[in-house]
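Q: Right, I'll just put the structure down here and ask away after.
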Amino acid sequence: MTFSSPHPNSPSPQRFPVVVVGAGPAGLTLGNILRAASVDCLVLETESRAFIEQRPRAGVLEEWAVRGLEERGLAGNLPARAQVHEECEFRFAGERHRLGYTELTGDHHYIYPQPLLVTDLVREYADVRGGAVRFGVRDVELHDLESERPSVSYTDPDSGQRQLVHCDFVAGCDGARGVSREAIPPGRVRIARYDHGVGWLALLAEAPPSNDCVVFGVHPRGFAGHMARSPEVTRYYLQCPPGDDLGNWPDDRVWAELRERLGAAGAPPLTEGRLIEKRVLDLHGYVVEPMVFGRLLLAGDAAHLTAPIAAKGMNLALHDAFLLGEALVAYVTRGESAGLDGYSGACLGRVWEYQEFSQWLSEVYHGASSGDPHRAGTTLARLRRLFASPSAALAFAEQYLGRTPTR
Ligand SMILES: Cc1cc2nc3c(=O)[nH]c(=O)nc-3n(C[C@H](O)[C@H](O)[C@H](O)COP(=O)(O)OP(=O)(O)OC[C@H]3O[C@@H](n4cnc5c(N)ncnc54)[C@H](O)[C@@H]3O)c2cc1C
Numbered sequence: 022m023t024f025s026s027p028h029p030n031s032p033s034p035q036r037f038p039v040v041v042v043g044a045g046p047a048g049l050t051l052g053n054i055l056r057a058a059s060v061d062c063l064v065l066e067t068e069s070r071a072f073i074e075q076r077p078r079a080g081v082l083e084e085w086a087v088r089g090l091e092e093r094g095l096a097g098n099l100p101a102r103a104q105v106h107e108e109c110e111f112r113f114a115g116e117r118h119r120l121g122y123t124e125l126t127g128d129h130h131y132i133y134p135q136p137l138l139v140t141d142l143v144r145e146y147a148d149v150r151g152g153a154v155r156f157g158v159r160d161v162e163l164h165d166l167e168s169e170r171p172s173v174s175y176t177d178p179d180s181g182q183r184q185l186v187h188c189d190f191v192a193g194c195d196g197a198r199g200v201s202r203e204a205i206p207p208g209r210v211r212i213a214r215y216d217h218g219v220g221w222l223a224l225l226a227e228a229p230p231s232n233d234c235v236v237f238g239v240h241p242r243g244f245a246g247h248m249a250r251s252p253e254v255t256r257y258y259l260q261c262p263p264g265d266d267l268g269n270w271p272d273d274r275v276w277a278e279l280r281e282r283l284g285a286a287g288a289p290p291l292t293e294g295r296l297i298e299k300r301v302l303d304l305h306g307y308v309v310e311p312m313v314f315g316r317l318l319l320a321g322d323a324a325h326l327t328a329p330i331a332a333k334g335m336n337l338a339l340h341d342a343f344l345l346g347e348a349l350v351a352y353v354t355r356g357e358s359a360g361l362d363g364y365s366g367a368c369l370g371r372v373w374e375y376q377e378f379s380q381w382l383s384e385v386y387h388g389a390s391s392g393d394p395h396r397a398g399t400t401l402a403r404l405r406r407l408f409a410s411p412s413a414a415l416a417f418a419e420q421y422l423g424r425t426p427t428r
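In the numbering used here, the protein residues as written are 22 to 428.
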């Protein structure tokens, strides 16, 4: 059992105040904040450094998140390389409708692919701030989380030996499929789940963007999305049945569906290219409450999953890491526990805001193709209101940019 006492054959147990499980945006941001305050930590990651620096996923960062990275000296190459977006475009009923969210709020979206952010963060943590990290570890187990002396064990990839690390806190930043959340005994936290009931074919095309902003295609055949990642690579999404077989999606069919669902009067033609990623996502979300169990503190996707409907997950991972980093620094260096005591509550306000917005937007995307004429009608009413009412547009813009009342 992952929450039992360890029985490792580690020759000499190591000790760090904090062990961070997972080197994604949450874990690396947290590690960097701890190192900046001279709090020692060890980051454990199952994959190699090369792998995490190339794993494609997110690309949209909210303005407050970019400012938060800058304030902590973590923006790296972002200001020079990110694209700055000010508008998005909905296409429905054969027409294009632009929503200028920056004009409404003053905030921007930054397009910066997750692999670039991870590359910046790992370089800063390991090469600049001298943080300890082990890549390629196996069979990570968490122990004695309810005691004041928890520990983490893992198999070292080079020696094959079990290693034991004693610590004061374990930060569970190992994403949706990690071991941290699983280490909490059943019934000790509440896990609220939501299934959107649809699948998305997530695609990356080696092709320049076909539009100067994000496009949401709401179509009776199903949703389609277009999102720039870089001048050379574009992410597309196509709604499909949950669990659909990739064999149903040869490249020709993908491009035909994208052309059809993103088609609108005056829209520029799609620039096609080699599809370098094609996978089916079943859209679902969950929230763990509280995000703390004994000395285990969850952050990012380990604590809450937001389907990529509104491009929120990486932003939430950064928000958690900012708060957790500050709370741990305050506790370890000054003995102040208020930040840790309030950590879960401070994160969950934004988490639930984003869950609610994703649910709302999911209905806008998918109602038209649900086969239910009532849902299709209300979807269209929502969309028309968005472009007829300035206050509806402002409310959308605030949520899309993460300007939450809990900020
Ligand atoms: C197709 C797609 C598009 C997306 N687009 C956006 C977007 O535009 N904007 C946005 O904000 N979000 C987006 N997201 C969500 C975003 O990618 C995630 O929310 C983000 O990666 C979460 O960061 P994290 O650090 O919590 O977890 P992760 O990035 O998953 O990192 C967890 C790390 O832990 C490691 N790990 C796993 N198990 C273990 C273990 N047992 N021991 C040690 N290490 C372990 C993993 O290898 C990984 O490196 C998208 C997601 C997908 C799938």
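From the three backbone atoms N, C-alpha and C, an ideal C-beta is built for every residue, glycine too.
What does DSSP give as the partner residues of ALA473 in its beta bridges?
A: The question about residue 473 has no answer here: the residues shown for the chain are numbered 22 through 428.
Q: If I measure Cβ to Cβ from SER69 and keep anything under 6 Å in the same chain, skipping five residues before and after, which residues do I get?
A: On the sequence shown, position 48 is the one that residue 69 refers to. Correct list, in chain order: PHE156, GLY157.
Q: Comparing alpha-carbon positions, which option in ALA277, PRO38, ALA71 lies nearest PRO171?
A: Numbered from 1 along the sequence shown, position 150 holds the residue referred to as residue 171. Closest option to PRO171, Cα to Cα, is PRO38.
Q: In terms of residues, what are the limits of the beta strand (DSSP E) holding HIS130?
A: Within the sequence shown, the letter at position 109 stands for residue 130. Where HIS130 is concerned, the enclosing beta strand (DSSP E) stretches over 130–132.
Q: Is DSSP giving PHE156 helix, strand or coil here?
A: What you label residue 156 is simply residue 135 of the sequence shown in a count that begins at 1. PHE156: coil per DSSP, three-state reduction.
Q: For ASN336, is the beta carbon positioned less than 8 Å from some heavy atom of ligand 1?
A: As a working note, residue 336 is residue 315 in the sequence shown. Result yes, Cβ under 8 Å from ligand 1.
Q: Would you tell me roughly how many angstroms separate the C-alpha atoms of PRO27 and SER174, rounded to the nearest one?
A: Against the sequence shown, residue 27 aligns to sequence position 6. Against the sequence shown, residue 174 aligns to sequence position 153. With a pLDDT of 46 at PRO27, under the threshold of 50, the modelled position of that residue is not reliable, and no figure is offered here.
Q: With DSSP collapsed to three states, give me the class of GLN184.
A: Translated into positions along the sequence shown, residue 184 becomes position 163. If DSSP states are grouped into helix, strand and coil, GLN184 belongs with the strands.
Q: Is the CB-CB distance between ASN53 and LEU142 below 9 Å?
A: Along the sequence shown, one-based indexing puts residue 53 at 32. Along the sequence shown, one-based indexing puts residue 142 at 121. Their beta carbons are under 9 Å apart, which means ASN53 touches LEU142 by this criterion.
Q: Taking the straight line between their C-alpha atoms, what separation do you get for PHE417 and THR50?
A: Indexing the sequence shown from 1 puts residue 417 at position 396. Indexing the sequence shown from 1 puts residue 50 at position 29. Taking the straight line joining both Cα atoms gives about 29 Å.
Q: Hey, would you say PHE408 sits closer than 9 Å to PHE111, going by beta carbons?
A: Here residue 408 refers to the residue found at position 387 when the sequence shown is read from its first residue. Here residue 111 refers to the residue found at position 90 when the sequence shown is read from its first residue. Yes, the pair counts as a contact, with Cβ atoms nearer than the cut-off.
Q: If you count every other CB in all the chains shown that lies within 10 Å of the CB of THR292, and 16 or more means buried, which is it?
A: As a first step, residue 292 is located in the sequence shown; it is residue number 271 there, counting from the start. With fewer than 16 Cβ atoms within 10 Å of its Cβ, THR292 is classed as exposed.
Q: Would the C-beta of VAL66 count as close to ligand 1, meaning under 8 Å from any of its heavy atoms?
A: If you number the sequence shown from 1, residue 66 lands on position 45. The question names Val, yet the displayed sequence has Glu at residue 66. Result yes, Cβ under 8 Å from ligand 1.
Q: How would you write the range of the alpha helix (DSSP H) that TYR375 sits in, first residue to last?
A: Position 354 of the sequence shown holds residue 375. Per DSSP, TYR375 belongs to the alpha helix (DSSP H) from 359–387.
Q: My output table needs one value for VAL105: the three-state DSSP class, helix, strand or coil.
A: In the sequence shown, residue 105 corresponds to position 84, counting from 1. Strand at VAL105.
Q: Leaving out the 5 sequence neighbours to the left and right, which residues in its chain are closer than 6 Å to PRO262 when beta-carbon positions are compared?
A: Mapped onto the sequence shown, residue 262 falls at position 241. Excluding positions up to five away in sequence, the list reads GLY220.
Q: May I ask you to check if the CB of ALA147 is nearer than 8 Å to at least one heavy atom of ligand 1?
A: The residue given as residue 147 occupies position 126 in the sequence shown. False, no ligand heavy atom lies under 8 Å from that Cβ.
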